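Here is the structure we will look at, set down as structure tokens.
Protein chains: 8
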Amino acid sequence: MELRDHTHPLVGILMGSSNDTDIMNRAYKVLSELKIPCEISVLSAHRTPDETIEYARTAEERNIKVLIAGAGMAAHLAGIVAANTMLPVIGVPISSGPLNGQDALYATVQMPSGTPVATVAINGAENAAYMAARILALDNTTLAINLEVKRNQKKQAILTKSPKGKNYGM
Amino acid sequence: MELRDHTHPLVGILMGSSNDTDIMNRAYKVLSELKIPCEISVLSAHRTPDETIEYARTAEERNIKVLIAGAGMAAHLAGIVAANTMLPVIGVPISSGPLNGQDALYATVQMPSGTPVATVAINGAENAAYMAARILALDNTTLAINLEVKRNQKKQAILTKSPKGKNYGM
Amino acid sequence: MELRDHTHPLVGILMGSSNDTDIMNRAYKVLSELKIPCEISVLSAHRTPDETIEYARTAEERNIKVLIAGAGMAAHLAGIVAANTMLPVIGVPISSGPLNGQDALYATVQMPSGTPVATVAINGAENAAYMAARILALDNTTLAINLEVKRNQKKQAILTKSPKGKNYGM
Amino acid sequence: MELRDHTHPLVGILMGSSNDTDIMNRAYKVLSELKIPCEISVLSAHRTPDETIEYARTAEERNIKVLIAGAGMAAHLAGIVAANTMLPVIGVPISSGPLNGQDALYATVQMPSGTPVATVAINGAENAAYMAARILALDNTTLAINLEVKRNQKKQAILTKSPKGKNYGM
Amino acid sequence: MELRDHTHPLVGILMGSSNDTDIMNRAYKVLSELKIPCEISVLSAHRTPDETIEYARTAEERNIKVLIAGAGMAAHLAGIVAANTMLPVIGVPISSGPLNGQDALYATVQMPSGTPVATVAINGAENAAYMAARILALDNTTLAINLEVKRNQKKQAILTKSPKGKNYGM
Amino acid sequence: MELRDHTHPLVGILMGSSNDTDIMNRAYKVLSELKIPCEISVLSAHRTPDETIEYARTAEERNIKVLIAGAGMAAHLAGIVAANTMLPVIGVPISSGPLNGQDALYATVQMPSGTPVATVAINGAENAAYMAARILALDNTTLAINLEVKRNQKKQAILTKSPKGKNYGM
Amino acid sequence: MELRDHTHPLVGILMGSSNDTDIMNRAYKVLSELKIPCEISVLSAHRTPDETIEYARTAEERNIKVLIAGAGMAAHLAGIVAANTMLPVIGVPISSGPLNGQDALYATVQMPSGTPVATVAINGAENAAYMAARILALDNTTLAINLEVKRNQKKQAILTKSPKGKNYGM
Amino acid sequence: MELRDHTHPLVGILMGSSNDTDIMNRAYKVLSELKIPCEISVLSAHRTPDETIEYARTAEERNIKVLIAGAGMAAHLAGIVAANTMLPVIGVPISSGPLNGQDALYATVQMPSGTPVATVAINGAENAAYMAARILALDNTTLAINLEVKRNQKKQAILTKSPKGKNYGM
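Residue numbers (this note's numbering), protein chains in the order written: chain A, 503 to 672; chain B, 503 to 672; chain C, 503 to 672; chain D, 503 to 672; chain E, 503 to 672; chain F, 503 to 672; chain G, 503 to 672; chain H, 503 to 672.
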């Protein structure tokens with residue numbers, strides 16, 4: 503089935519606080535460029551625990567395929583979501599507060615056996631979207647092509663931007 | 503007994519330096535919103551050791567119930583206070599100096615057995631106040647209700663702030 | 503009311519894995535020495551999320567006054583418990599795995615505003631019990647005396663153990 | 503299509519050194535329990551760069567769906583594999599050497615935008631397998647059921663192992 | 503053979519992203535001051551893997567003697583280059599992102615046995631150039647003299663800049 | 503002998519780079535306030551090794567009593583000075599570069615047995631001066647009094663600055 | 503005055519717990535070898551606060567010249583001692599518990615301005631003794647000679663132990 | 503000129519303490535296998551400063567081409583050697599003491615501009631030897647071939663050791 507036929511989101515993006523909007527919108531933007539339908543919400547493991555669990559538990563029946571969860575500090579969001587769904591959950595540690603995201607990285611990636619969170623770099627919301635796209639592309643040829651095109655664009659961008667200053671040592 | 507009947511502070515907030523005022527006033531503000539009488543002082547474990555110990559030792563007889571102590575760098579304040587009272591002491595590590603509060607976190611939380619300090623996040627003065635409120639609410643129904651109201655406000659704030667941008671991938 | 507009149511636990515000790523039993527039993531032991539009724543359970547934020555939330559939500563009506571939660575790695579247990587009760591929650595970061603508890607410390611202490619966890623040292627289950635005792639002693643004279651007696655014992659233990667080797671430099 | 507019909511591996515497990523076999527075999531074991539066909543190889547980004555790239559580039563045409571790459575120290579393996587395939591790549595940082603896997607964690611998770619690695623905990627090979635299973639289960643009902651069964655087993659294991667020692671404070 | 507007789511670069515400077523240009527140009531500047539012919543390019547281990555490997559494999563036959571590779575975050579560039587050449591490779595960890603280059607340092611320096619990267623300080627592109635110069639000076643007397651002259655200039659700069667404020671304690 | 507009778511410096515302050523002047527002048531200022539004669543110089547363990555060793559070796563015969571050495575990054579200055587004198591050497595780690603002085607702290611404090619460096623806080627040049635003063639005051643009553651006066655001023659400054667906002671919970 | 507004429511200790515060694523005896527006895531041993539009269543005690547900033555402060559305040563009148571304080575975890579001992587004396591205080595961070603002494607290092611060295619602690623390496627009790635000796639040698643020629651002799655012994659030990667295996671590459 | 507014609511060492515290996523012999527002998531062993539004449543000595547920046555500087559200053563005239571220096575803790579050896587020679591200096595941080603070599607890594611790699619140290623992994627003495635070999639091979643065809651042979655052996659070792667367990671999911 504082609505991406506354009508979907509009338510519902512395939513990826514659900516969550517963030518623990520509206521302060522994380524700037525970072526997490528980067529995931530939204532990449533998914534949109536790849537024409538992957540998605541939705542974005544603020545839900546906190548600590549301040550809206552019921553709504554967070556409800557979201558996680560109903561995501562599959564709403565035909566969401568991948569969840570992305572970004573949070574800072576003692577970032578429990580991705581782990582709690584992963585504990586309440588069988589969908590793949592991608593975690594984005596966010597650098598808020600004085601520890602520069604080191605706390606969020608540990609709290610996201612160091613999950614105990616049985617409840618995996620696929621963690622990307624601190625503030626790496628773009629890569630969360632690319633990872634979601636790789637998963638969805640396993641079953642979607644159009645998306646696979648879109649990803650390949652985007653990869654080539656990035657490659658060409660580097661090759662044309664390379665400094666040309668060469669100095670042959672006079 | 504209702505909170506309004508108290509004519510003396512129930513929580514004593516201490517900070518190791520007047521530079522910490524901006525951070526520690528957040529504890530004062532939360533306590534005030536919850537209508538918990540409190541007082542705030544600058545006392546240093548190193549520069550005013552006698553006054554600090556005197557404060558800690560007389561707090562209980564002055565009917566203070568919980569102490570909050572914030573300090574940066576080699577943050578000894580909370581530990582020294584805890585060594586000189588039997589009241590629960592909440593420690594707030596403060597991020598002053600180049601180590602971003604990592605030093606204050608270790609110096610506050612890694613207390614040896616027998617002298618506990620209930621440590622909150624780096625610069626987490628608000629949570630120090632919420633923890634004090636939870637302790638006081640064990641014995642005060644009005645406060646318990648105030649806390650519940652505040653928690654619901656935070657929850658509603660998140661639920662109404664959630665980005666509504668949903669993209670169904672055309 | 504005296505401690506001996508309680509026919510139900512006042513403190514609930516939770517741990518995220520049965521591997522944490524050795525550490526968390528130290529809290530149980532201190533509470534027992536102080537004659538504070540308590541109960542101890544294994545509940546995981548990730549593997550038994552429903553039971554964990556149920557436990558947290560019903561603790562208050564079961565007349566528990568303080569909760570202690572110990573977990574290792576991406577230690578979400580204390581935070582999730584704190585999000586589902588208004589009782590004071592004390593967190594014990596546990597050193598399991600290669601990061602020596604640094605991950606558990608961050609995941610326990612760096613809680614966002616509104617959901618405090620009173621964190622003690624890595625593996626500091628004894629101090630979690632002492633902190634619970636200080637909170638309960640606010641309203642219990644017998645316990646306050648027990649705590650004072652125990653503190654004096656620790657003090658005397660140090661004073662009598664001090665090495666006596668003095669060398670006057672011949 | 504059912505898992506048993508596959509005559510080729512769906513998951514390729516790579517490790518950077520045969521010293522990592524004990525850790526990475528845990529992924530193999532979990533996948534086998536879930537009846538997911540897989541293969542396991544030692545390939546180094548530094549010592550066998552050609553074979554590593556060849557493996558990554560041909561994985562998709564060999565019908566592999568997910569790659570798992572474990573490495574220690576300056577762990578480049580997962581990143582290099584991710585740069586040479588469009589399949590989802592899961593990275594396992596391994597704690598070899600004096601830095602306890604902190605080096606491998608950073609070298610695996612901190613990938614630049616466009617080349618994502620789904621990182622799990624240090625030595626978290628089991629979760630790498632569970633994440634692979636979650637991805638494959640998006641398209642495989644039998645596997646989804648197997649995962650659910652396994653999750654329930656883990657849950658029951660905790661609930662039956664919970665210490666029963668309750669002390670009502672005589 | 504004198505440096506001025508070279509009509510081709512002796513040092514190839516690579517960087518993983520054009521964002522690193524400001525840092526890596528410092529290497530270019532030092533090499534130019536020492537009259538060492540060099541070239542500078544943007545090549546990414548992840549986004550242009552083929553071109554990076556091609557560059558590394560052909561460097562020796564193009565008479566390049568030393569390679570310098572700078573990259574940030576999960577900095578794989580220097581390691582991948584070192585795996586595809588026998589020339590000495592100098593790695594420059596770059597502080598991009600919230601971890602201040604600690605990630606890049608580990609990803610550059612912690613190379614496994616057999617594929618060495620000569621790592622300099624975070625953002626230490628100047629020292630990468632000086633190290634390249636020391637290597638080239640083993641076989642080039644003019645360069646050795648240039649290096650000695652530059653070292654003496656630095657020494658004199660210190661000795662003339664020393665604060666002269668002396669206070670004899672009135 | 504009184505401080506005013508000295509016609510030569512009693513404390514030598516060294517710094518590894520003129521960039522460290524702002525930090526190290528704080529030591530100079532504190533010593534001047536305490537009327538301790540001192541001198542301040544820029545000398546580098548790496549760029550002026552001969553002059554640094556010469557300075558260290560002749561300090562004692564020039565009647566200097568204490569040396570203070572501040573440096574950033576791989577801060578070798580204090581250690582090299584300590585290796586070439588028997589005078590007490592106080593080390594000041596300086597936060598230059600992306601590691602915030604963590605590198606300088608380790609390079610200054612982790613000295614092997616036999617060559618001690620008395621290390622103060624990162625950027626703690628004032629305390630280096632106070633430590634020098636404590637050492638000199640062992641043999642100088644006037645200085646001991648000056649130190650006591652200064653300590654009392656600091657204490658009074660805190661006691662008068664303490665926030666007076668007290669809120670009794672209406 | 504010669505060392506042998508002292509009938510009282512010149513150095514007081516304190517440790518925060520009798521568990522630290524093995525480490526801190528190394529200071530005692532070095533001082534004894536240098537014929538510096540000293541005494542060693544266990545005193546805790548948290549468990550025996552009165553005795554600790556009393557010790558610090560009376561040390562000077564008992565003719566002690568230098569204090570050495572070793573403690574682990576949230577190591578407050580050296581700082582509290584320094585706050586209650588004008589004698590130079592040398593701090594020894596001790597590696598007890600899972601953070602390997604990193605916590606004790608921060609809690610000892612990151613002292614605020616006005617209350618200096620001369621910190622040595624983690625577990626560096628020997629260097630604490632050598633630093634005390636350097637301070638005492640300012641005023642004691644015999645000790646200065648003893649130190650010089652000991653330094654030469656260490657130097658000779660290295661020069662005679664150097665591996666002689668030289669391989670000229672057949 | 504062929505390696506076998508050398509009657510003097512081309513590489514000088516230094517270590518700061520005889521405790522480092524086990525680690526640093528690995529460099530000696532690799533160099534010997536590659537038939538590179540070398541010598542190995544214990545010299546300390548702190549305990550034998552004169553001999554260390556003398557060694558560094560005379561290395562070039564003794565026809566040594568590359569220096570390798572390994573040290574632990576506040577590892578000043580490589581930096582001091584680099585400050586006293588123009589030869590390329592390779593630094594090996596050694597994990598001695600409780601900080602696992604993190605201290606030695608910072609003290610070795612974070613060198614200021616103008617005095618480069620080519621740092622390898624913590625305890626990475628083998629790679630120090632391989633880096634020395636790469637430098638020497640710039641001018642020595644036999645050595646270049648030896649290196650290539652060794653690299654191929656390592657590659658074959660991996661390819662033959664790869665676990666063959668493949669499970670096709672019954």
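No residue lacks a Cβ here, since even glycine has one placed at the ideal position from N, Cα and C.
Owing to the predicted nature of the structure, the values given are computational and were not obtained by experimental measurement.
Where residue i sits in the DSSP three-state scheme
i, result
"Pro-595 of chain E", "strand"
"Thr-621 of chain E", "strand"
"Gly-577 of chain H", "The sequence shown places Ala at residue 577 of chain H, rather than the Gly named in the question. Here Ala-577 of chain H sits in coil by DSSP."
"Glu-556 of chain G", "helix"
"Pro-551 of chain F", "helix"
"Arg-564 of chain E", "coil"
"Met-526 of chain D", "helix"
"Leu-601 of chain D", "coil"
"Asn-648 of chain A", "helix"
"Thr-587 of chain E", "coil"
"Ala-630 of chain D", "helix"
"Lys-537 of chain G", "coil"
"Gln-658 of chain F", "helix"
Among the options, the one whose alpha carbon lies nearest that of residue i
i, options, result
"Tyr-594 of chain A", "A:Thr-587, A:Leu-601, A:Leu-579, A:Pro-600", "First, the amino acid is wrong: residue 594 of chain A is Val here, not Tyr. Of A:Thr-587, A:Leu-601, A:Leu-579, A:Pro-600, the residue nearest in Cα terms is A:Leu-579."
"Leu-649 of chain C", "C:Ile-515, C:Met-526, C:Val-513, C:Ile-538", "C:Ile-538"
"Ala-627 of chain D", "A:Ile-566, A:Lys-663, A:Lys-657, A:Thr-617", "A:Thr-617"
"Ile-637 of chain A", "D:Val-651, D:Leu-601, D:Ala-620", "D:Ala-620"
"Asn-565 of chain F", "F:Ala-571, F:Ala-576, F:Met-588", "F:Met-588"
"Asn-629 of chain H", "H:Met-526, H:Pro-511, H:Ser-598", "H:Met-526"
"Ala-584 of chain H", "H:Leu-640, H:Ala-547, H:Arg-528, H:Ile-660", "H:Ala-547"
"Ile-570 of chain E", "E:Ala-577, E:Asp-641, E:Pro-590, E:Thr-523", "E:Pro-590"
"Met-575 of chain C", "D:Thr-662, D:Ser-519, D:Val-622, D:Thr-560", "D:Val-622"
"Glu-563 of chain G", "F:Thr-560, F:Leu-601, F:Glu-562, F:Leu-640", "F:Leu-640"
"Ser-615 of chain E", "H:Thr-662, H:Thr-644, H:Lys-656, H:Thr-509", "H:Lys-656"
Expected contact under 8 Å - CB spacing of residue i and residue j to nearest Å
i, j, result
"Ala-573 of chain F", "Met-517 of chain F", "7 Å"
"Ala-558 of chain H", "Asn-521 of chain H", "At roughly 22 Å, the Cβ-Cβ gap does not stay under 8 Å, so Ala-558 of chain H and Asn-521 of chain H are not in contact."
"Val-513 of chain C", "Lys-567 of chain C", "7 Å"
"Ala-631 of chain A", "Leu-545 of chain A", "That pair is no contact at about 18 Å."
"Thr-550 of chain C", "Ile-582 of chain C", "11 Å between Cβ atoms; not a contact."
"Lys-530 of chain C", "Asp-605 of chain A", "In the sequence on display, residue 530 of chain C carries Tyr and not Lys. The pair is not a contact, with the Cβ atoms about 29 Å apart (cut-off 8 Å)."
"Ile-592 of chain F", "Ala-634 of chain F", "6 Å"
"Gly-603 of chain G", "Ile-624 of chain G", "4 Å"
"Ser-543 of chain C", "Pro-511 of chain D", "That belief does not hold up - the Cβ atoms of Ser-543 of chain C and Pro-511 of chain D are roughly 41 Å apart, past 8 Å."
"Glu-556 of chain B", "Ile-515 of chain B", "17 Å between Cβ atoms; not a contact."
DSSP beta-bridge partners of residue i
i, result
"Leu-516 of chain B", "B:Ser-543, B:Ala-571"
Check: residue i C-beta below 7 Å from any heavy atom of the ligand PLP
i, result
"Leu-536 of chain A", "The ligand PLP is absent from the structure shown, which contains no ligand whatsoever."
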